[in-house]
Each structure stands twice: as structure tokens, then as C-alpha cells.
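Here is the structure we will look at.
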Amino acid sequence: MPFEVTKELLKEMLDEDTSLQTLSNQFTLDEIWNMIEAKDQISNDDQLFEALMDVMYATRPQGVL
13 MPFEVTKELL KEMLDEDTSL QTLSNQFTLD EIWNMIEAKD QISNDDQLFE
63 ALMDVMYATR PQGVL
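So the sequence shown is numbered by the working numbering: it starts at 13 and just counts up by one.
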């Protein structure tokens, strides 16, 4: 059975992985879903995690250090 990214799988990953908590605190599930690029090319949990980290990196606050 091929791996398929679904909103249910996305919610499960966001709920279970504390490193993604910032993302789930800032955006709704639908907003996160819409920000994930190339969902059809994600073929496992690790790639989904990497895609979520990319979203988190892209949406981080930009400030002066």
C-alpha cells in the first residue's frame, strides 16, 4: 500500500511530535496542510517530518539579532 499524506496523518504527527508544537500553535491544520509542498511526492513519515520542518523554517519570525 503506497504512503499517502492525509490530514489525519498530519494531525497525528503534529500531536505526537513535540518538536512540531510551535507550528501547530501558530497555524490551523488546514493552514499547515496548504503550506506543505509536493504532498504527492512524500513517500514516508521521515519525508513528511522534513516537509513540516521546512514549513516551520519558512514561517519563522524574521528579526534582527
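Think of the CB as a built atom: it goes at the ideal place given N, C-alpha and C, for glycine as much as any other residue.
Endpoints, alpha helix (DSSP H) assigned at residue i
i     : result
Thr30 : Per DSSP, Thr30 belongs to no alpha helix (DSSP H) and is neither H nor E.
Phe61 : Asp57 to Ala70
Glu16 : Premise fails: Glu16 is in no alpha helix (DSSP H) and is neither H nor E.
Asp52 : Run containing Asp52: none; DSSP gives neither H nor E here.
Own chain, CB closer than 6 angstroms to residue i, minus 5 neighbours either side, in chain order
i     : result
Thr15 : The amino acid occupying residue 15 in the given sequence is Phe; Thr does not appear at that position. Closer than 6 angstroms at Cβ, skipping near neighbours: Ser55 and Asn56.
Ser36 : Leu26
Met68 : Leu35
Cα-Cα separation, residue i to residue j
i     : j     : result
Leu41 : Gly75 : 26 angstroms
Glu24 : Asp58 : 14 angstroms
Glu28 : Phe61 : 11 angstroms
Asn46 : Met13 : 24 angstroms
Gln38 : Arg72 : 10 angstroms
Contact belief for residue i with residue j at Cβ below 8 angstroms, rounded distance in angstroms
i     : j     : result
Ile48 : Ala70 : Their Cβ separation, rounded to whole angstroms, is 11 angstroms, which puts Ile48 and Ala70 out of contact at 8 angstroms.
Leu21 : Ile44 : Not quite, the Cβ-Cβ distance comes to about 12 angstroms (not below 8 angstroms), so this is no contact.
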